[in-house]
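Worksheet for the structure shown next.
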Ligand SMILES: *Cc1c(COP(=O)(O)O)cnc(C)c1O
């Protein structure tokens with residue numbers, strides 16, 4: 239740390255994080271810039287958030303225009319146009335009917351849990367409240383979302399959490415069959431690609447089985463696309479590859495280009511059981527964030543954009559497979575889709591992350607042995623190559 243920064247300027251921040259040393263003061267496209275002017279290639283995108291890169295004119299112009307109206311916040315006591323337009327756009331693109339806006343992924347998951355509980359009680363009585371989640375899942379850190387997150391160490395200090403969560407092996411048909419009890423289960427919650435759990439793609443046939451069985455048994459299927467959604471995989475909604483229609487979809491991370499926003503999308507059937515006062519948010523769907531989200535969504539869903547992401551994603555996969563072949567004793571597997579990739583190592587991932595950062599590349603782990611790569615969707619091929627070269631040099 240530079241002497242100019244004084245004793246420890248971090249000490250007033252609650253220690254729930256151990257942030258790395260660089261102090262970032264600016265960003266440009268795929269790079270972050272620290273207070274000494276050093277540039278870092280950012281393959282984290284703030285954990286899949288800044289999908290159009292740093293300082294994107296799409297985000298800056300939409301935010302500036304929105305600020306100039308003088309309308310940052312009104313609360314949901316009043317109508318504003320951006321939230322209505324964004325809801326209509328998300329509904330049309332997803333095939334779902336209704337949208338609830340909030341401020342984060344965990345809030346979106348909590349909303350989904352409340353909505354399915356309400357619906358299931360009306361449809362199946364008071365015992366139909368259990369939520370089934372998958373091994374390896376991550377859905378957030380609040381009392382409901384944490385209860386369905388498969389990280390015992392994250393949960394234990396804070397129990398009791400929301401009761402009624404069950405975990406199953408994602409690919410076991412037998413466990414799925416047993417867990418999906420039409421009289422007791424309200425919902426199955428699934429990340430089509432697990433992020434924090436190690437960048438694991440759920441096989442298409444597994445998603446089909448989950449959709450078929452939940453549908454047959456009157457159980458809601460919630461897809462958590464907070465991390466993998468909105469273009470990261472080369473599709474707007476990753477489940478569209480499998481051609482399934484979920485009952486709810488939760489979005490957040492990249493939704494508003496770096497501003498905090500979440501959304502829970504649901505069917506009319508479930509929405510019809512929700513009444514005024516059943517849920518609320520002071521900030522959710524405000525005109526500033528919704529204006530930026532509209533501009534980001536327009537850009538990401540414009541013709542050609544997602545095709546480019548798929549091409550870049552393929553390029554990244556090829557580069558990583560070459561690294562795996564050259565270092566087969568250190569790299570055991572390359573996983574993921576599009577620009578959401580994981581490199582499973584034979585040893586600890588954390589020292590590799592540290593060496594990469596020292597060499598000018600930002601990456602993040604996904605569990606103890608997986609390096610997770612989440613570059614901006616707008617990244618240039620040359621930057622992908624440069625980033626992977628730094629990563630490869632950081633393996634040893
Ligand atoms: C990050 C994440 C969340 C939680 O989002 P926050 O905005 O951090 O609350 C939920 N689900 C998934 C799949 C995530 O990756």
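Numbering (our numbering), first residue to last: 239 to 634.
Just so it is clear, CB atoms sit at the ideal spot from N, CA and C, and this is done for glycine as well.
No experiment lies behind these values; they were computed from the predicted model shown.
N-terminal and C-terminal residue of the beta strand (DSSP E) that residue i is part of
{"i": "residue 518", "result": "Careful: residue 518 lies outside any beta strand (DSSP E) and carries neither H nor E."}
{"i": "residue 611", "result": "608-611"}
{"i": "residue 628", "result": "Premise fails: residue 628 lies in the alpha helix (DSSP H), 619-632, not in any beta strand (DSSP E)."}
{"i": "residue 583", "result": "578-583"}
{"i": "residue 353", "result": "It is not in any beta strand (DSSP E) - residue 353 instead sits in the alpha helix (DSSP H) that spans 343-362."}
{"i": "residue 462", "result": "458-462"}
Straight-line gap, residue i to residue j (C-alpha atoms, nearest Å)
{"i": "residue 345", "j": "residue 425", "result": "17 Å"}
{"i": "residue 629", "j": "residue 376", "result": "26 Å"}
{"i": "residue 531", "j": "residue 567", "result": "43 Å"}
{"i": "residue 327", "j": "residue 337", "result": "10 Å"}
{"i": "residue 240", "j": "residue 272", "result": "The predicted position of residue 240 is uncertain, since its pLDDT is 46 and thus under 50; a value taken from the coordinates is nonetheless stated next. Each residue's alpha carbon lies about 11 Å from the other."}
{"i": "residue 504", "j": "residue 262", "result": "38 Å"}
{"i": "residue 597", "j": "residue 246", "result": "24 Å"}
{"i": "residue 511", "j": "residue 289", "result": "35 Å"}
{"i": "residue 546", "j": "residue 445", "result": "26 Å"}
{"i": "residue 317", "j": "residue 269", "result": "38 Å"}
{"i": "residue 475", "j": "residue 315", "result": "30 Å"}
{"i": "residue 406", "j": "residue 366", "result": "18 Å"}
{"i": "residue 604", "j": "residue 381", "result": "22 Å"}
{"i": "residue 502", "j": "residue 280", "result": "28 Å"}
{"i": "residue 610", "j": "residue 542", "result": "26 Å"}
{"i": "residue 311", "j": "residue 301", "result": "13 Å"}
{"i": "residue 274", "j": "residue 297", "result": "26 Å"}
{"i": "residue 554", "j": "residue 422", "result": "44 Å"}
Continuous alpha helix (DSSP H) stretch holding residue i: start and end
{"i": "residue 448", "result": "442-454"}
{"i": "residue 220", "result": "What the structure shows of the chain is the stretch from 239 to 634, and residue 220 is not part of that stretch, so it cannot be assessed."}
{"i": "residue 315", "result": "That residue, residue 315, is in no alpha helix (DSSP H); it is neither H nor E in DSSP."}
{"i": "residue 285", "result": "283-286"}
{"i": "residue 414", "result": "411-417"}
{"i": "residue 381", "result": "381-385"}
{"i": "residue 508", "result": "506-509"}
Residue i beta carbon near ligand 1 (any heavy atom closer than 7 Å)
{"i": "residue 658", "result": "With the chain covering only 239 through 634, there is no way to say anything about residue 658."}
{"i": "residue 377", "result": "yes"}
{"i": "residue 289", "result": "no"}
{"i": "residue 283", "result": "no"}
{"i": "residue 491", "result": "yes"}
{"i": "residue 596", "result": "no"}
{"i": "residue 294", "result": "no"}
{"i": "residue 433", "result": "yes"}
{"i": "residue 344", "result": "yes"}
{"i": "residue 506", "result": "no"}
{"i": "residue 280", "result": "no"}
{"i": "residue 465", "result": "yes"}
{"i": "residue 429", "result": "yes"}
{"i": "residue 347", "result": "yes"}
{"i": "residue 388", "result": "no"}
{"i": "residue 462", "result": "yes"}
Pick from the options that is closest to residue i, judged by C-alpha positions
{"i": "residue 332", "options": "535, 410, 249 and 393", "result": "535"}
{"i": "residue 488", "options": "565, 481, 500 and 496", "result": "500"}
{"i": "residue 539", "options": "622, 615, 308 and 526", "result": "615"}
{"i": "residue 464", "options": "392, 294, 279 and 340", "result": "340"}
{"i": "residue 313", "options": "302, 526, 325 and 473", "result": "526"}
{"i": "residue 485", "options": "351, 289, 253 and 319", "result": "351"}
{"i": "residue 379", "options": "322, 308, 601 and 392", "result": "392"}
{"i": "residue 549", "options": "578, 394 and 565", "result": "578"}
{"i": "residue 621", "options": "250, 257 and 266", "result": "266"}
{"i": "residue 564", "options": "602, 627 and 600", "result": "627"}
{"i": "residue 518", "options": "259, 320 and 349", "result": "349"}
{"i": "residue 506", "options": "277, 252, 335 and 325", "result": "335"}
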